[in-house]
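> Pasting a structure below so you can have a look.
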Amino acid sequence: MKSITLGQYYPARSLMHGLDPRMKIILAFIYIICSFVAKNIISFGVLFASAFLLIALSKIPLSLILRSVRPILFILAFTVVLNVFWTKGEVILFEWKFIHIYYEGVMTALFMVVRIFVMIVGASLFLTYTITPIALTDAIEQLFGPLKKIKIPVHEFAMMMTIALRFIPTFIDETDKIMSAQKARGADFSNGSLAKRAKVLIPILIPLFVSAFRRADELAIAMECRCYHGGDGRTRMTILHYRARDFLALIAMLLFFAGLLALNFLKIGYTM
Amino acid sequence: MEKENYFIKTENVCASYEEDDGKSCEVLRDITLGIKKGEYVAVLGHNGSGKSTFAKLLNMILAPDSGKIFIDGVDITREDMTEKEVFDIRRKIGMVFQNPDNQLVATIVEEDVAFGPENLGIPSDEIRKRVDEALATVGMTDYAKHEPHRLSGGQKQRVAIAGIIAMMPECMIFDESTAMLDPVGRKEVMDTIDLLNHERGITVINITHHMNEAVRADRVIVLDDGKVYMDGTPEEIFSQPQKLALAGLEVPQCTALIQALRKRGIKLEGECTTPEKCAKLIIDALGGSN
Amino acid sequence: MAEIKLENVSYVYSEGTPFEISALEGINLTIKSGIVTGIIGHTGSGKSTLVQMLNGLVKPASGKVLIDNKDIWENPKEISKVRSRVGLVMQYPEYQLFEETVRADIAFGPKNMGVEEKDIEELVLEAADFVGLDRELLDKSPFDLSGGQKRRAAIAGIIAMRPEVLVLDEPAAGLDPSGREKIMQSIIGYGKSTGASIVIVSHSMEDMARFCDEIVVLSDGKLLMSGKKEEVFLRSKELVSVGLDIPQITSVMNMLSQSGIKVASNIYTVEDALSEIYKLF
Numbered sequence: 034m035k036s037i038t039l040g041q042y043y044p045a046r047s048l049m050h051g052l053d054p055r056m057k058i059i060l061a062f063i064y065i066i067c068s069f070v071a072k073n074i075i076s077f078g079v080l081f082a083s084a085f086l087l088i089a090l091s092k093i094p095l096s097l098i099l100r101s102v103r104p105i106l107f108i109l110a111f112t113v114v115l116n117v118f119w120t121k122g123e124v125i126l127f128e129w130k131f132i133h134i135y136y137e138g139v140m141t142a143l144f145m146v147v148r149i150f151v152m153i154v155g156a157s158l159f160l161t162y163t164i165t166p167i168a169l170t171d172a173i174e175q176l177f178g179p180l181k182k183i184k185i186p187v188h189e190f191a192m193m194m195t196i197a198l199r200f201i202p203t204f205i206d207e208t209d210k211i212m213s214a215q216k217a218r219g220a221d222f223s224n225g226s227l228a229k230r231a232k233v234l235i236p237i238l239i240p241l242f243v244s245a246f247r248r249a250d251e252l253a254i255a256m257e258c259r260c261y262h263g264g265d266g267r268t269r270m271t272i273l274h275y276r277a278r279d280f281l282a283l284i285a286m287l288l289f290f291a292g293l294l295a296l297n298f299l300k301i302g303y304t305m
Numbered sequence: 010m011e012k013e014n015y016f017i018k019t020e021n022v023c024a025s026y027e028e029d030d031g032k033s034c035e036v037l038r039d040i041t042l043g044i045k046k047g048e049y050v051a052v053l054g055h056n057g058s059g060k061s062t063f064a065k066l067l068n069m070i071l072a073p074d075s076g077k078i079f080i081d082g083v084d085i086t087r088e089d090m091t092e093k094e095v096f097d098i099r100r101k102i103g104m105v106f107q108n109p110d111n112q113l114v115a116t117i118v119e120e121d122v123a124f125g126p127e128n129l130g131i132p133s134d135e136i137r138k139r140v141d142e143a144l145a146t147v148g149m150t151d152y153a154k155h156e157p158h159r160l161s162g163g164q165k166q167r168v169a170i171a172g173i174i175a176m177m178p179e180c181m182i183f184d185e186s187t188a189m190l191d192p193v194g195r196k197e198v199m200d201t202i203d204l205l206n207h208e209r210g211i212t213v214i215n216i217t218h219h220m221n222e223a224v225r226a227d228r229v230i231v232l233d234d235g236k237v238y239m240d241g242t243p244e245e246i247f248s249q250p251q252k253l254a255l256a257g258l259e260v261p262q263c264t265a266l267i268q269a270l271r272k273r274g275i276k277l278e279g280e281c282t283t284p285e286k287c288a289k290l291i292i293d294a295l296g297g298s299n
Numbered sequence: 120m121a122e123i124k125l126e127n128v129s130y131v132y133s134e135g136t137p138f139e140i141s142a143l144e145g146i147n148l149t150i151k152s153g154i155v156t157g158i159i160g161h162t163g164s165g166k167s168t169l170v171q172m173l174n175g176l177v178k179p180a181s182g183k184v185l186i187d188n189k190d191i192w193e194n195p196k197e198i199s200k201v202r203s204r205v206g207l208v209m210q211y212p213e214y215q216l217f218e219e220t221v222r223a224d225i226a227f228g229p230k231n232m233g234v235e236e237k238d239i240e241e242l243v244l245e246a247a248d249f250v251g252l253d254r255e256l257l258d259k260s261p262f263d264l265s266g267g268q269k270r271r272a273a274i275a276g277i278i279a280m281r282p283e284v285l286v287l288d289e290p291a292a293g294l295d296p297s298g299r300e301k302i303m304q305s306i307i308g309y310g311k312s313t314g315a316s317i318v319i320v321s322h323s324m325e326d327m328a329r330f331c332d333e334i335v336v337l338s339d340g341k342l343l344m345s346g347k348k349e350e351v352f353l354r355s356k357e358l359v360s361v362g363l364d365i366p367q368i369t370s371v372m373n374m375l376s377q378s379g380i381k382v383a384s385n386i387y388t389v390e391d392a393l394s395e396i397y398k399l400f
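Protein chains in written order, with our numbering: chain G, 34 to 305; chain V, 10 to 299; chain H, 120 to 400.
Spelled out as structure tokens, the structure:
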């Protein structure tokens, strides 16, 4: 059970891995906005291509990314059906009884699919594949630090994330042990109806909860002993520093954004 | 007894906790003790003898019902302790607990060691220095970037110790810190504790029920039924096996052997708590009788 | 009663991943019935995996586990029957308590085995007696017991299944001396009065020397030695070389014989050492 890794961090040395975690959050944000800026076939084409450029820059195998898109295939299919059958337009492509399929509908469906694909790929590249959960937590705390002034508990949120990340492997381990212990007492977790199976979870869940509370209690005391008193007056050992490449990446992303806006002025084909 | 000579001083301390059914349960009665700077004290007692409560009183996790506690001359039972003074006490008296998993906060070893100093508001480069130094002291430098859940129990405890050392404490309390470890882990931790006391001059209070750990201390305090039951050097304490047995404790096998031989009328000079000393005593006695 | 045999048993963790660790390699071992067997080895030597194989919680990657010469994995659907014949008390078993009352918790095992309601009460009371748990405590919540009582209640939960082999992984870990003594005595007591075999994993060589008849030593997933405890402790140098302790008294006796004093080498209790050394004077 020591092999648990959290998140989908893919260790590699790439342009994208080397960016400051805070910059990755900013870039992910701008990139997602970009996907909403595209309006016509050219800008959507460029957007679609950009996703593959990002994948190349991250050195993450394409197969791995495509596998992570699989769970959203249903949403994509749903979007296609919705747009193809329900969007009304002027140019009819297909007509049969009550079904009318318009050119506009097909194009909208295509654009929506590209938009969702780009959003998912962008967000997962910037925020999961090239960044460890703990670096993300740190980045969130340091990037959104100023929000503390308007009483948003940024530090507390980051602390909770850190502790959760720290203890998830411990709990997985513990669940395993408790399951073995109950199996040794003849508990059967594999057979029976759904209701019966829900019932057999009790001998696992109760000890797990009891243990979680005990751990929380002990951790709280240990933290108090180490002078923890919230985020006020707290310093950090590692302070993140932006480097030139971070700003270059930002400029590139902004240029891409401006470029997409400009492409929208081209009057080609269907415009969303 | 003059307060100034003691780093930790308790006067007639009583403490109790409330059980779930509202009954109040007395755990410490009339504890009067003094512990000097640099002393290495083992606190023995069976489960429920009040050992852990005693430890938690010293760094203000719990408050006594009555009595006074002085840390470095400061009365910590005062009503008007400021928050800053409380943190100062907790910094001076570091605490390492039993379960190694439940005291590590961060997902990376060095981040965890930095946790205490960060709370104290120490500048970044100073924290870096302290963390590196603390990890070197406990011999965990090579593991600085590791995830705590992949370490062994003994290694986790050493990280926890490093986390306290980085706060520059004057005293460290080990609350059954080896109870969940295997012999290898226990040795790692005990060697670290010895080093902190002998080379760093840190006052050590080791709460344990392992007699073989208690013999490493300069002084042993036995708590029973919430009272100080015995107080002396390990040799003095372990030469009274009957008295210890009444408190639910036993003496190390070697000590028991020497005492049993003596009971049978064999003259053995001195006390012993380790196999080496025990063998030497017997060899010396045999040499004399031949 | 049941004799457990391991034939060329191996086990690998996280097979096929970079974290692959070989936990056990080619273990051949017989755990005789009706005696107390001790298993020693440092952390990571494969002890825990081994004990979980004895009751079919872990299936060997290769090799066979036989109880009374019958392969326990012959019919995997019947494996839960093995678990009641070979009762396993895991490390820190108090963390598995979950029922509203101690009574119900001890009854969990027998209930899963399909024991009839009227017989369960009997088993529960007997199990509580074996571990020295006051009957008054049976109606309390297990979470209100003291640490030592919780441990005993958890062990009673296994004893209530009336196993022919009782396997315990570090049954006394973390307890104070009198708690340790009580637990060890009740385990040995169960073996004596029912004829069941006992298998104990422990780091305490003193306990092993006192209570066990035979000892199995594991090191790095391999069987280093097994046999009568006298034979095993004779090879104290080998034990020390793989990072294990020997009883304090045994090391005193070894030091004596090293300095030319003639003493028997099979001594590991204070009583035996006393009479052996007393003879010298």
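Think of the CB as a built atom: it goes at the ideal place given N, C-alpha and C, for glycine as much as any other residue.
Every value quoted in this text rests on a predicted model; they were computed, and no experiment measured them.
When DSSP builds the beta bridges, which residues end up paired with Ala51/V?
Numbered from 1 along the second sequence, position 42 holds the residue referred to as residue 51/V. Paired residues: Asn215/V, Val229/V.
> Relative to the C-alpha of Arg204/H, which candidate in Ala315/H, Leu363/H, Ser260/H, Glu193/H has its C-alpha closest?
The sequence position of residue 204/H within the third sequence is 85, counting from 1. Per the Cα distances, Ala315/H.
> According to DSSP, Thr149/H sits in a beta bridge with which residue or residues?
Taking the third sequence and counting its residues from 1, the one referred to as residue 149/H is at position 30. Answer is Lys124/H, bridged to Thr149/H.
> Using alpha carbons as the reference points, say which of Val114/V, Leu295/V, Lys65/V, Leu255/V lies closest to Thr195/G.
Counted from its first residue, the first sequence places residue 195/G at position 162. Closest by alpha carbon: Val114/V.
> Let me know if Cys34/V comes out buried or exposed under the rule of 16 or more other beta-carbons within 10 Å of its beta-carbon.
Sequence index remark: in the second sequence, residue 34/V carries index 25 (1-based). Burial call: exposed.
> Just to confirm before moving on: does the CB-CB distance between Ser213/G and Tyr162/G stay below 8 Å?
Translated into the one-based positions of the first sequence, residue 213/G becomes position 180. Translated into the one-based positions of the first sequence, residue 162/G becomes position 129. No. Outside cutoff.
> Pull up the distance between the alpha-carbon of Asp110/V and that of Asp288/H, whole angstroms please.
Walking along the second sequence from the start, residue 110/V turns up at place 101. Walking along the third sequence from the start, residue 288/H turns up at place 169. Taking the straight line from one Cα to the other gives about 20 Å.
> For a quick check, are the C-beta atoms of Val371/H and Cys263/V less than 8 Å apart?
Position 252 of the third sequence, counted from the start, is the residue given in the question as residue 371/H. Position 254 of the second sequence, counted from the start, is the residue given in the question as residue 263/V. In contact: Val371/H and Cys263/V (Cβ atoms closer than 8 Å).
> With a threshold of 7 Å on Cβ separation, who are the neighbours of His133/G within its own chain once the five nearest residues in sequence on each side are excluded?
For the purposes of this step, residue 133/G is identified with residue 100 of the first sequence, where counting begins at 1. Cβ within range, chain order: Ile125.
> If you follow the alpha helix (DSSP H) that Gly308/H is part of, which residue opens it and which one closes it?
The residue labelled residue 308/H in the question sits at position 189 within the third sequence. Segment 296 to 313, the alpha helix (DSSP H) holding Gly308/H.
> Measuring alpha carbon to alpha carbon, tell me which residue in Lys311/H, Ile154/H, Asp224/H, Ile158/H is nearest Gly340/H.
Position 221 of the third sequence, counted from the first residue, corresponds to residue 340/H. When each option's Cα is compared against that of Gly340/H, the closest is Ile158/H.
> Just to confirm my understanding: we take Met34/G, look at its own chain, exclude 5 residues before and 5 after, and list those with CB closer than 7 Å. What are they?
Working through the first sequence from its first residue, we reach residue 34/G at position 1. Low confidence applies to Met34/G: its pLDDT is 37, below 50, so where it sits in the model is not reliable, and the reading given next is rough at best. So the list reads Ile205, Asp206, Asp209, once near-sequence residues are dropped.
> Residues in the same chain with beta-carbon distance under 7 Å from Lys12/V, minus the five sequence neighbours each way, listed in chain order, please.
In the second sequence, the residue the question calls residue 12/V occupies position 3. At Lys12/V, the pLDDT of 47 sits below 50, so the modelled position is not reliable and the matter cannot be decided from this model.
> How many Å lie between Met80/H and Gly206/H at the Cα?
A query on residue 80/H cannot be resolved here, the shown segment of chain H reaching from 120 to 400 and no further.
> Could you list the residues in the segment 169 to 185 of chain H with a C-beta less than 8 Å from some C-beta on chain G, going in chain order?
The residues in question are Gln171, Asn174, Leu176.
> Measuring CA to CA, which of Asp97/V, Leu290/V, Ser161/V is closest to Met176/V?
As a working note, residue 176/V is residue 167 in the second sequence. For the residues Asp97/V, Leu290/V, Ser161/V, the minimum Cα distance to Met176/V belongs to Asp97/V.
> Name the chain G residues that come within less than 7 Å of Ala115/V, Cβ to Cβ?
As a working note, residue 115/V is residue 106 in the second sequence. Within 7 Å Cβ-Cβ: Thr195, Arg199.
> Mind listing which residues of the segment 217 to 233 of chain G have their C-beta closer than 7 Å to chain H's C-betas, in chain order?
Hits within the stretch, in order: Ala217, Arg218, Gly219, Ala220, Asp221.
> Excluding the five sequence neighbours on either side, which residues of its own chain have a C-beta within less than 7 Å of the C-beta of Glu395/H, listed in chain order?
To locate residue 395/H, count along the third sequence from 1; it is residue 276. Correct list, in chain order: Val382, Ala383, Ile386.
> Determine the burial state of Tyr261/G: buried for a count of at least 16 other Cβ atoms within 10 Å of its Cβ, exposed for fewer.
Residue numbering aside, residue 261/G sits at position 228 when the first sequence is read from its first letter. With 16 or more other Cβ atoms within 10 Å, it is buried.
> Contact criterion: CB-CB distance below 8 Å. Does Ile380/H meet it with respect to chain V?
For this step, residue 380/H is matched to residue 261 along the third sequence. Yes, Ile380/H counts as interfacial toward chain V.
> Checking contacts by CB at 8 Å: is Asp110/V closer than that to chain G?
As a first step, residue 110/V is located in the second sequence; it is residue number 101 there, counting from the start. By this cut-off, Asp110/V is an interface position.
> Tell me, please, whether the CB atom of Met181/V is closer than 8 Å to any CB atom in chain G?
For the purposes of this step, residue 181/V is taken as the residue at position 172 of the second sequence. Chain G, which has no Cβ nearer than 8 Å to the Cβ of Met181/V, makes this no.
> Which whole-angstrom value is the C-beta distance of Val187/G and Leu180/G, which I expect to be below 8 Å?
Position 154 of the first sequence, counting from 1, holds the residue named residue 187/G. Position 147 of the first sequence, counting from 1, holds the residue named residue 180/G. About 5 Å; that satisfies the 8 Å criterion.
> With a threshold of 7 Å on Cβ separation, who are the neighbours of Gly172/V within its own chain once the five nearest residues in sequence on each side are excluded?
The sequence position of residue 172/V within the second sequence is 163, counting from 1. Correct list, in chain order: Asp121, Val122, Phe124, Gly125.
> If Thr217/V sits next to Thr187/V, beta carbons under 8 Å apart, how far is it from one beta carbon to the other, in whole angstroms?
Mapped onto the second sequence, residue 217/V falls at position 208. Mapped onto the second sequence, residue 187/V falls at position 178. Right, the Cβ-Cβ distance comes to about 7 Å (below 8 Å), so this counts as a contact.
> In the DSSP output, which residue or residues are listed as bridge partners for Lys18/V?
Stepping through the second sequence from its first residue, residue 18/V is reached at position 9. Paired residues: Gly43/V, Phe79/V.
> Can you list, in chain order, the residues of the segment 155 to 170 of chain G whose Cβ is nearer than 7 Å to any Cβ on chain V?
The residues in question are Ile167.
> May I ask you to list the residues that DSSP assigns as paired with Cys23/V?
By one-based count along the second sequence, residue 23/V stands at place 14. In the DSSP output, where bridge partners are listed per residue, Cys23/V has Ser75/V.
> Which residues, in order along the segment 123 to 150 of chain V, keep a beta-carbon less than 8 Å from a beta-carbon of chain G?
Here the close residues are Ala123, Phe124, Gly125, Pro126, Glu127, Asn128, Leu129, Gly130, Ile131, Pro132, Ser133, Ile136, Arg137, Val140.
> Answer with buried or exposed for Ile136/V, where buried requires no fewer than 16 other C-beta atoms within 10 angstroms of its C-beta.
Locating residue 136/V in the second sequence gives position 127, where the first residue counts as 1. Buried.
> Just the chain H side, please: which residues come within less than 8 Å of Leu295/V by C-beta, in chain order?
Here residue 295/V is taken as the residue at index 286 of the second sequence, counted from 1. Correct list: Ile380, Leu399, Phe400.
> Identify the residues that DSSP records as bridge partners of Cys180/V: which are they?
The residue you call residue 180/V lines up with position 171 of the second sequence. In the DSSP output, where bridge partners are listed per residue, Cys180/V has Ile102/V, Thr212/V.
> Nearest to Phe190/G by CA position, among Gln175/G, Pro202/G, Ile211/G, is which residue?
In the first sequence, residue 190/G corresponds to position 157, counting from 1. That would be Gln175/G, whose Cα lies nearest to the Cα of Phe190/G.
> I need the boundaries of the beta strand (DSSP E) containing Leu299/G, first residue and last residue.
In the first sequence, the residue the question calls residue 299/G occupies position 266. No beta strand (DSSP E) contains Leu299/G, which DSSP labels as neither H nor E.
> Closer than 7 Å, Cβ to Cβ, to anything on chain H: give me those residues from the segment 238 to 268 of chain G, in chain order.
Flagged, chain order: Ile239, Pro240, Val243, Ser244.
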